[in-house]
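Read the structure below first, then the notes.
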Amino acid sequence: SQELEQSPQSLIVQEGKNLTINCTSSKTLYGLYWYKQKYGEGLIFLMMLQKGGEEKSHEKITAKLDEKKQQSSLHITASQPSHAGIYLCGAAHYNNNDMRFGAGTRLTVKP
Amino acid sequence: DVKVTQSSRYLVKRTGEKVFLECVQDMDHENMFWYRQDPGLGLRLIYFSYDVKMKEKGDIPEGYSVSREKKERFSLILESASTNQTSMYLCASSSQGALGKNIQYFGAGTRLSVL
């Protein structure tokens, strides 16, 4: 099993709807990173969360970290076609070189 | 802006060929990484380097080697390409920092097909 589980694996929403993607770690988190990937391209860094309860926002995307649950959620408000892509979470567990990634959530936004 | 450049976006090679994937970063980062990405498996770490001439195995180093002769450049080598190495290869770099504060910046990826 993967150290980082993302859910759902894929998501199709109507433009304008809100959505949430979850990332759960089986190990202690020292840092949680969210990336976005457009199909066939590299990963674009979105946000980094370090402390329990921390919440960060970038435009209409908000991410929160629940340290006790070892879980992070990514919430998109009023989704747009430009939000479509694959969202991946990454986590540092033991050291900065031991970073692991979830399998990703593929988001489709229908106009 | 951090820039990580991978030499090729697409590569087609034949089984048994020696393949070089090049990655260059312009931010003077100490750490560099090579991942492969396959559907349903996410990103898997092949090798990483935390300094010039230093390398560490990741989760799936078999069939690969790496070279880091200069700080800005990290090369992934497939000694004898096989069809199961057909994949998307991603390079990343990061600075040395406190635990949990190391953002990795990625290149655009190289989609390798081995026929």
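Listed in order, the protein sequences are those of chains X and S.
Going by this note's numbering, the first residue of the first sequence is number 9, and it counts up by one from there.
Going by this note's numbering, the first residue of the second sequence is number -16, and it counts up by one from there.
Backbone N, C-alpha and C fix where the C-beta goes; we use that ideal spot for every residue, glycine too.
Since the model is a prediction, treat every value here as computed from it, not as a measurement.
My understanding is that residue 24/S touches residue 16/S, with C-beta atoms under 8 Å, so please give their C-beta distance in whole angstroms. No, residue 24/S and residue 16/S are not in contact; Cβ-Cβ is about 16 Å, not under 8 Å.
Who are the neighbours of residue 96/X on chain S, taking C-beta pairs under 8 Å? 25 and 26
May I ask you to list, following chain order, the residues of the segment 33 to 48 of chain X that have a beta carbon less than 9 Å from some beta carbon of chain S? 37, 38, 39, 40, 41, 43, 45 and 48
Just mark residue 51/S as buried or exposed, buried being the case when its beta carbon has 16 or more other beta carbons within 10 Å. With 16 or more Cβ atoms within 10 Å of its Cβ, residue 51/S is classed as buried.
Beta-bridge partners of residue 83/X, as assigned by DSSP: 28/X and 70/X
Using DSSP with H/G/I as helix, E/B as strand and the rest coil, what is residue 14/X? Of the three classes helix, strand and coil, the one that applies to residue 14/X here is strand, per DSSP.
Beta strand (DSSP E) segments (min. 3 residues) lying fully within the segment 56 to 88 of chain S: 56 to 61 and 70 to 77
Chain X residues whose Cβ lies nearer than 8 Å to that of residue 86/S: 41, 53 and 56
Closest Cβ-Cβ distance between residue 57/S and chain X: below 7 Å? Not closer than 7 Å to any Cβ of chain X, the Cβ of residue 57/S fails to qualify, so no.
Under the three-state reduction of DSSP, which class applies to residue 90/X: helix, strand or coil? helix
From 20/X, 29/X, 23/X and 24/X, pick the residue whose C-alpha is nearest to that of residue 112/X; which is it? 29/X
Taking a cut of 9 Å between CB atoms, which residues from the segment 107 to 118 of chain X lie near chain S? 107, 108, 109, 110, 111 and 112
Does residue 92/S get closer than 7 Å to chain X when you measure Cβ to Cβ? The C-beta of residue 92/S comes closer than 7 Å to at least one C-beta of chain X.
Find the residues of chain X that neighbour residue 73/S, judging by a C-beta separation of less than 8 Å, and give them in chain order. Near residue 73/S (Cβ distances below 8 Å), the residues of chain X are 50 and 51.
Measuring straight from C-alpha to C-alpha, what distance separates residue -1/S and residue 83/X? 46 Å
Determine the burial state of residue 93/S: buried for a count of at least 16 other Cβ atoms within 10 Å of its Cβ, exposed for fewer. buried
Just tell me which of 70/S, 65/S and 5/S has its CA closest to the CA of residue -3/S. For the residues 70/S, 65/S and 5/S, the minimum Cα distance to residue -3/S belongs to 65/S.
Less than 8 Å between the CB atoms is what I'm expecting for residue 8/S and residue -13/S, so what's the real figure, rounded? 5 Å
CB-CB under 8 Å to residue 43/S, same chain, minus the five flanking residues each way: which ones, in chain order? Cβ neighbours of residue 43/S beyond the five flanking positions: 19, 27, 28 and 29.
What are the boundary residues of the beta strand (DSSP E) that includes residue 118/X? 113 to 118
Using beta-carbon positions only, say whether residue 90/S and residue 50/X come within less than 7 Å of one another. yes
Going along the chain, which unbroken runs of the beta strand (DSSP E) with 3 or more residues stay wholly within the segment 10 to 64 of chain S? Taking 3 residues as the minimum length, the beta strand (DSSP E) runs contained wholly in the segment 10 to 64 of chain S are 14 to 21, 25 to 32, 47 to 53 and 56 to 61, in order along the chain.
Would you report the Cα separation of residue 40/X and residue 80/X, rounded to the nearest angstrom? 8 Å
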